[in-house]
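Here's what the structure looks like:
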């Protein structure tokens with residue numbers, strides 16, 4: 019396999035982008051990434067688009083060639099492919115772009131993620147969110163994604179003594195970071211009291227434990243590592259790209275406080291890169307629901323099972339330990355345009371490893387991790403990145 | 019790049035499968051393919067699923083892990099990824115499976131295609147079909163896929179003198195072959211008079227010029243060619259796998275009687291395999307609309323531009339020339355469960371190259387081609403296969 023590098027990055031602001039269409043945000047992020055990689059669009063050979071639900075949201079399938087068309091590249095040797103894996107669509111698209119370059123068939127690939135969630139009523143968007151859980155065993159009986167994650171939270175509290183305040187701190191941290199991120203959907207700080215006092219969505223999860231519905235797009239350019247220095251001064255090597263899957267329905271799992279898909283993808287990725295979790299200085303962890311970030315930190319091996327709550331609350335992942343989590347503000351504050359999330363995480367990691375993250379910069383970051391989840395973990399994706407300069 | 023081979027094939031019957039769910043047909047095809055490849059499910063490392071519109075049709079996204087889950091493989095190191103490219107979803111999924119094995123990251127991959135189109139009213143399914151054209155420039159103004167293809171037919175008649183009778187013969191041939199195919203949606207023969215006398219859908223296209231809405235699933239197992247003989251006596255080499263894209267809307271093209279995406283994918287594939295079209299003994303060509311098959315035969319270089327009508331009518335592609343087209347019955351008679359189509363074409367090609375096609379067998383077939391189109395050609399995919407034994 020050829021080594022693969024990230025050569026360029028781009029993203030739109032995340033938020034309620036009512037004045038801009040899907041195709042507009044899609045090409046904005048893609049062109050930014052191409053310019054950042056000092057490539058012209060004629061160098062592009064393939065385009066992978068992570069998108070969860072354009073069919074239901076926009077009555078538009080076939081959305082990858084649509085973006086290529088709007089970029090003026092229709093009929094010009096660009097293969098455009100949409101990839102869908104619920105909320106993990108963006109990271110799975112990155113996996114495909116990685117394989118495309120690693121295989122040798124393609125040299126330069128743009129991986130984009132895009133979603134427009136605020137052009138439909140929230141009730142519709144929430145119903146569509148539920149379509150990433152098991153329709154026949156969960157959604158049809160009224161289970162929602164927040165409801166399912168609330169069960170995970172309750173069980174984690176029961177089994178390990180995790181406190182409501184502990185997962186609330188995930189969101190407090192997210193907003194503290196979002197305040198420093200000009201692309202973030204939310205740039206206001208939240209206090210612990212505000213998170214705890216917010217109205218319930220599915221107890222114990224409140225409004226501020228759940229990431230928002232956002233519009234937005236993000237993109238990265240991938241290419242062979244061996245020639246990467248022609249295109250960037252700081253090639254970022256993709257040290258591992260691993261996808262793993264689990265049952266769709268929570269009830270079909272042996273235990274629900276572990277996401278087996280995250281465990282498998284994480285272990286495979288660390289094995290492949292030959293490093294341990296403590297080697298990671300900066301990690302973007304899926305916090306679509308605050309409890310999910312705590313569970314992921316355990317499943318990825320950053321902290322012992324059941325100990326994530328106290329560890330997070332005492333600052334282990336927000337400055338006092340070796341790994342800083344969610345410098346972007348995470349899904350909670352940077353935003354959650356489903357298909358774009360997994361790509362935006364990588365944009366942040368690359369910024370950090372390049373030393374271009376401004377007031378969010380984690381000093382001396384060399385290794386980064388991105389973790390993206392679909393549904394309640396039927397899909398998990400782990401990517402590892404290394405600064406090579 | 020590693021050479022890739024098809025090790026196993028499987029498919030369900032195509033048709034109105036009201037008594038069986040999406041997950042059931044998905045795993046039936048997949049298990050058939052695994053058994054055919056003499057593999058057990060624990061050998062499987064990745065699963066690619068071509069599916070066009072499960073979100074709109076079934077309110078179920080995240081459908082690749084769903085099938086893996088139902089197969090009992092959730093939490094077992096299988097990466098499951100859904101790929102969508104309108105009616106070309108199946109062939110694009112095959113392209114991803116090909117890259118996955120070629121890259122070396124995965125050894126054994128199942129590529130499946132599945133769609134359930136008859137569980138919703140036809141009007142809903144037809145609206146969803148339209149979502150593979152350009153929503154903002156075509157569908158919203160009332161253009162349907164048959165309507166758009168009817169414009170291609172009219173222009174082809176105008177520019178080249180193609181006769182209504184000539185593209186009607188594509189459907190007559192399809193049903194003659196479907197009659198020999200136990201998995202086909204339609205096994206009745208059609209006369210030329212029946213096709214010409216059928217009610218109009220979008221003139222000059224009648225009911226029998228348009229492939230049906232079907233349910234069904236198909237699957238193939240891919241693996242490295244170098245070890246293929248352990249799993250099959252007749253490994254079929256994937257000699258080329260090429261995807262190309264064009265504008266979504268017909269009106270944005272310089273001419274509409276050529277699909278630029280098919281031209282590019284076809285040329286790239288033949289260049290890669292170092293053969294000419296006349297070397298192909300058996301080809302599955304996308305005949306979602308009868309005129310589309312004629313246009314494709316020109317775009318792929320099997321016949322000079324504008325000459326496909328007379329060539330088809332005089333039997334050049336149905337027995338008297340070097341290349342036999344659509345032995346399966348094509349989309350028209352074998353059926354059209356969108357995401358499954360591109361994979362089912364490959365199942366037929368592999369049967370033919372193995373010499374296992376029964377009364378449909380084309381004697382001595384060594385090279386095969388599969389051609390799959392999304393929308394009106396915003397995506398085209400061309401695969402070439404070679405018998406290696």
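Chains as they are written, first to last, in our numbering: chain U, 19 to 407; chain W, 19 to 407. The beta-carbon is built from N, C-alpha and C at its ideal position, and this holds for glycine as well.
Open item on the list: Give me the DSSP bridge partner(s) of residue 9 of chain U.
Closed with: As shown, chain U starts at 19 and ends at 407. That puts residue 9 of chain U outside it, with no answer to give.
- [ ] Compute the distance between the beta-carbons of residue 356 of chain U and residue 107 of chain U, then report whether it is under 9 Å.
- [x] The answer is yes: Cβ separation under 9 Å.
Task: Test: residue 213 of chain U CB closer than 9 Å to a CB of chain W - done: For residue 213 of chain U, the answer is no, since every Cβ of chain W falls outside 9 Å of its Cβ.
Open item on the list: Does residue 159 of chain U pass the burial test, meaning 16 or more other C-beta atoms within 10 Å, or should it be called exposed?
Closed with: Answer is exposed; the Cβ neighbour count stays below 16.
Task: Closest residue to residue 142 of chain W among U:101, U:77, U:254 (Cα-Cα distance) - done: The shortest C-alpha to C-alpha distance from residue 142 of chain W to any of U:101, U:77, U:254 is the one to U:77.
TODO: Please determine, among W:92, W:110, W:86, W:116, the residue with the shortest C-alpha to C-alpha distance to residue 389 of chain W.
DONE: Considering only alpha carbons, the answer is W:110.
TODO: Report the three-state DSSP secondary structure of residue 58 of chain W (helix, strand or coil).
DONE: In the structure shown, residue 58 of chain W sits in coil (DSSP, three-state: anything other than H, G, I, E or B).
Open item on the list: Rounded to the nearest angstrom, what separates residue 332 of chain U and residue 52 of chain U at their Cα positions?
Closed with: Cα to Cα, the separation comes out at about 41 Å.
Task: Rounded separation between residue 436 of chain U and residue 157 of chain U - CA only - done: Past the boundaries of the shown model lies residue 436 of chain U; chain U is included only from 19 to 407, so the question cannot be answered.
Task: Beta carbon proximity, residue 355 of chain U to chain W, threshold 9 Å - done: So, not an interface residue.
Open item on the list: Just to confirm my understanding: we take residue 287 of chain W, look at its own chain, exclude 5 residues before and 5 after, and list those with CB closer than 6 Å. What are they?
Closed with: So the list reads 258, 260, 400, 402, once near-sequence residues are dropped.
Open item on the list: Within a Cβ cutoff of 7 Å, which residues of the same chain sit near residue 187 of chain U, ignoring the five residues on either side of it in sequence?
Closed with: Cβ-Cβ distances below 7 Å link residue 187 of chain U to 210, 330, 331 in the same chain, with the five nearest sequence neighbours on each side left out; the list follows chain order.
Open item on the list: Going by DSSP in three states, residue 395 of chain U sits in which element: helix, strand or coil?
Closed with: DSSP places residue 395 of chain U in coil when its eight states are reduced to three.
Open item on the list: 9 Å is my cut-off, CB to CB: does residue 286 of chain W come that close to chain U?
Closed with: Chain U, which has a Cβ nearer than 9 Å to the Cβ of residue 286 of chain W, makes this yes.
Task: Between the CA atoms of residue 144 of chain U and residue 369 of chain U - distance to the nearest angstrom - done: The C-alpha of residue 369 of chain U lies about 31 Å from the C-alpha of residue 144 of chain U.
Open item on the list: Using a Cβ distance threshold of 8 Å, determine whether the segment 262-280 of chain U contacts the segment 221-241 of chain U, with at least three qualifying pairs required.
Closed with: With the cut-off at 8 Å, the segment 262-280 of chain U and the segment 221-241 of chain U do not touch.
Open item on the list: Considering Cα atoms alone, identify which of U:193, U:85, U:57, U:94 is closest to residue 68 of chain U.
Closed with: Taking residue 68 of chain U as reference, the option from U:193, U:85, U:57, U:94 with the minimal CA-CA separation is U:85.
Open item on the list: Please state whether the Cβ-Cβ distance between residue 34 of chain W and residue 233 of chain W is less than 9 Å.
Closed with: Residue 34 of chain W is a Cβ neighbour of residue 233 of chain W, given a cutoff of 9 Å.
Open item on the list: Against chain U, does residue 271 of chain W count as a neighbour if the rule is that its beta carbon must be under 9 Å from one of theirs?
Closed with: At least one chain U Cβ lies under 9 Å of residue 271 of chain W.
Task: Which listed residue (W:170, W:279, W:276, W:204) has its alpha carbon closest to that of residue 351 of chain W - done: With distances taken between Cα atoms, residue 351 of chain W lies closest to W:204.
Task: CB contact below 9 Å: residue 193 of chain W versus chain U - done: Under the 9 Å criterion on CB atoms, residue 193 of chain W is classed as non-interfacial with respect to chain U.
Open item on the list: Against residue 173 of chain W, what residues of chain U qualify as contacts under a CB-to-CB distance less than 8 Å, listed in chain order?
Closed with: Simply none; closest approach about 17 Å.
- [ ] Thinking residue 361 of chain U and residue 349 of chain U are a contact (beta carbons under 8 Å), I'd like their distance in whole angstroms, please.
- [x] Not really, about 13 Å apart at Cβ, beyond 8 Å.
- [ ] Determine whether the Cβ of residue 145 of chain U lies closer than 9 Å to any Cβ atom of chain W.
- [x] True, the Cβ-Cβ gap to chain W drops below 9 Å.
Open item on the list: How far does the alpha helix (DSSP H) with residue 410 of chain U in it extend, from its first residue to its last?
Closed with: Because chain U is modelled from 19 through 407, residue 410 of chain U falls outside the range shown and cannot be assessed.
Open item on the list: With the cut-off set at 9 Å, would you say residue 117 of chain W and residue 96 of chain W are in Cβ contact?
Closed with: For residue 117 of chain W and residue 96 of chain W, no; Cβs fall outside 9 Å.
TODO: Give the straight-line distance between the Cα atoms of residue 154 of chain W and residue 398 of chain W, rounded to the nearest whole angstrom.
DONE: Taking the straight line joining both Cα atoms gives about 21 Å.
TODO: Evaluate residue 253 of chain U with the Cβ neighbour count: other Cβ atoms within 10 Å of its Cβ, from every protein chain shown; 16 or more gives buried, anything less gives exposed.
DONE: Taking a 10 Å sphere around the C-beta of residue 253 of chain U, we find 16 or more other C-beta atoms and assign the residue as buried.
Task: Rounded separation between residue 279 of chain W and residue 395 of chain W - CA only - done: Between residue 279 of chain W and residue 395 of chain W, the C-alpha separation is close to 6 Å.
Open item on the list: How far does the alpha helix (DSSP H) with residue 102 of chain W in it extend, from its first residue to its last?
Closed with: Per DSSP, residue 102 of chain W belongs to no alpha helix (DSSP H); it is in the beta strand (DSSP E), 97-102.
Task: Neighbour flag for residue 241 of chain W against chain U, beta carbons, 9 Å - done: Chain U, which has no Cβ nearer than 9 Å to the Cβ of residue 241 of chain W, makes this no.
- [ ] At 4 residues or longer, and completely inside the segment 149-211 of chain U: list those alpha helix (DSSP H) runs for me, N to C.
- [x] Scanning the segment 149-211 of chain U from its first residue to its last, the whole alpha helix (DSSP H) runs of 4-plus residues come out as 163-178, 182-196.
Open item on the list: To the nearest angstrom, how far is the alpha carbon of residue 23 of chain U from that of residue 239 of chain U?
Closed with: C-alpha separation (whole angstroms): 8 Å.
Open item on the list: Taking CB distances under 9 Å as the criterion, tell me whether residue 43 of chain W reaches chain U.
Closed with: No, residue 43 of chain W lies away from the interface with chain U (no Cβ there is under 9 Å from its Cβ).
Task: Simplified DSSP state of residue 346 of chain W, which is helix, strand or coil - done: Residue state, collapsed to three classes: coil.
Task: Residue burial classification, residue 36 of chain U (beta-carbon count within 10 angstroms, cutoff 16) - done: Residue 36 of chain U is exposed by the Cβ-count criterion.
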